[in-house]
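For the sequence shown, the positions run 1 to 353 when UniProt numbering is used.
Report on the following structure.
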Amino acid sequence: MGLCCRAANRIKGFCCYGHNPKNPSKSHTTVPSNCQTKGKILDSPNLKSFCFSELKKATKNFSAGNVIGKGGFGYVFKGWIDENSLKAATPEIGIAIAVKVLDQKGCQGEQEWLAEIKYLGQLCHPNLVKLIGYCLEDGHWLLVYEFMPNGSLDKYLIRSEDSYSVQPLSWNLRMKVALGAAKGLAFLHDEAQVIYRDFKTSNILLDTNFNAKLSDFGLAKDGPTGDNSQITARILGTRGYVAPEYVNTGCLTAKCDVYSFGVVLLELISCRPAIDEYRPSTEQNLVEWARPYLSSKRKIYRVFDPHLEGKYVLSGVLKAANLAAQCLSTEPIMRPIMKEVVKALEQITLRTH
């Protein structure tokens with residue numbers, strides 16, 4: 001896609017605790033770029049400052065059995081804390097948490113850690129994952145989140161080499177997830193003036209009831225202000241999701257997020273990942289493969305997940321596919337804003353129940 005080699009390598013490893021590795025071994029609130037002490041991080045009553053020893057105990061000494069994910073940030077561990085005191089608790093007693101441990105040798109670093117604090121420490125919305133607190137102690141950089149029992153959305157997409165160990169989501173659940181994620185993104189754009197910049201299935205976490213919550217704000221940026229409609233930013237993101245105009249010019253707008261949403265919606269419709277290197281070369285990039293079919297009334301059915309045949313309202317799938325095509329327009333001005341996407345998905349979900 002034209003990304004520089006360094007950026008391309010960087011974007012592959014971004015962390016979300018929906019992945020399961022085999023073995024472990026890391027509002028506009030101004031945040032200091034070079035924090036040395038916990039007190040300088042953020043003056044927010046919303047976050048708890050954890051001691052490293054507390055989190056060590058909560059995760060059974062960061063044991064291999066507690067690993068629930070790994071990414072560019074480092075390993076993610078499941079732990080338990082008391083609901084009231086937020087002290088370490090016995091497993092299965094209290095509330096479950098997810099603890100990200102920054103790997104100093106990983107592709108993410110202190111700036112991404114601070115971005116998480118900046119945004120998730122201040123923003124509150126049902127479709128954003130809750131950041132409970134952090135730990136900055138003796139070179140240890142950790143973040144503590146609410147635990148999402150159903151992991152990340154990407155594990156429900158069937159790659160061509162995958163077995164069916166995870167049951168694909170029903171059509172109604174897919175649209176529920178799409179709507180929830182769209183609401184989270186619309187909130188960021190309209191109320192927080194934030195460009196997410198890394199919207200993808202592995203960053204969409206699912207709670208017990210499959211409510212979608214956006215996670216991993218390491219690449220998020222404050223949106224343009226005043227008369228500006230865009231900002232210029234270093235090209236970062238994830239292969240298969242990055243808007244073409246951002247790759248070509250470095251100009252970042254909210255419409256870049258809309259493009260990424262279109263990719264995710266297409267993944268939900270097809271049950272195929274954005275990039276699948278196990279498929280033939282002409283089918284590896286989902287958007288490039290699907291685009292000709294999305295514009296053809298006769299061929300659009302080829303994009304639909306065959307495992308859902310007969311289990312959806314055809315008009316709803318057609319509307320969802322048309323919405324995905326609009327979001328994926330190569331002309332940013334032709335893409336809808338996220339408020340409009342939310343309204344369209346609300347209409348689709350109403351007609352599927």
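The C-beta atom is built at its ideal place from N, Cα and C for all residues, glycine as well.
What you are looking at is a predicted structure, and each value in this text was computed from that prediction instead of being measured.
As for any beta strand (DSSP E) of minimum length 3 sitting wholly inside the region 166–212, the runs are 204–206, ordered along the chain. Residue pairing of V99 in beta bridges, as defined by DSSP: F77 and V144. The Cβ atoms of I269 and V242 lie no closer than 8 Å to each other.
The three-state secondary structure of G109, taken from DSSP, is coil. Rounded to whole angstroms, N150 and N211 show a C-alpha spacing of 10 Å. Taking a 10 Å sphere around the C-beta of C135, we find 16 or more other C-beta atoms and assign the residue as buried.
In this structure the region 292–301 does not lie against the region 167–182, because fewer than three pairs of beta carbons, one per stretch, are closer than 8 Å.
Inter-residue distance for A88 and E146 is about 14 Å (C-alpha atoms, whole angstroms).
Under DSSP, A88 forms a beta bridge with I81.
Annotation for I97: G79, I81, V144 and F147 place their beta carbon closer than 6 Å to its own, counting only its chain and skipping 5 residues before and after.
Going by DSSP, L323 is part of no beta strand (DSSP E) but of the alpha helix (DSSP H) stretching over L314 to C327.
Shown here, K48 sits in a strand according to DSSP, grouped into three states. When only Cα atoms are considered, I95 and N248 end up about 45 Å apart.
Residues of the same chain with a CB within less than 8 Å of the CB of D138, apart from the 5 flanking positions on each side, are F52 in chain order. Rounded to whole angstroms, the separation of the alpha carbons of W171 and G310 is 10 Å. Secondary-structure assignment with DSSP links Y301 through no beta bridge to anything. In its chain, beyond the 5 residues on either side, G240, V263, L266, E267, S270, R272, P273, A274, I275 and D276 have a beta carbon closer than 8 Å to the beta carbon of L286. Residues of the same chain with a CB within less than 7 Å of the CB of H125, apart from the 5 flanking positions on each side, are G184 and F187 in chain order. Residue burial is scored here from C-beta neighbours: A320 has at least 16 other C-beta atoms within 10 angstroms and is therefore classed as buried. For D305, the CB contacts under 6 Å within the same chain, skipping 5 residues up- and downstream, are S270 and C271 in chain order. Excluding its 5 nearest sequence neighbours in each direction, L323 has C-beta neighbours in its own chain below 6 Å: A344, listed in chain order.
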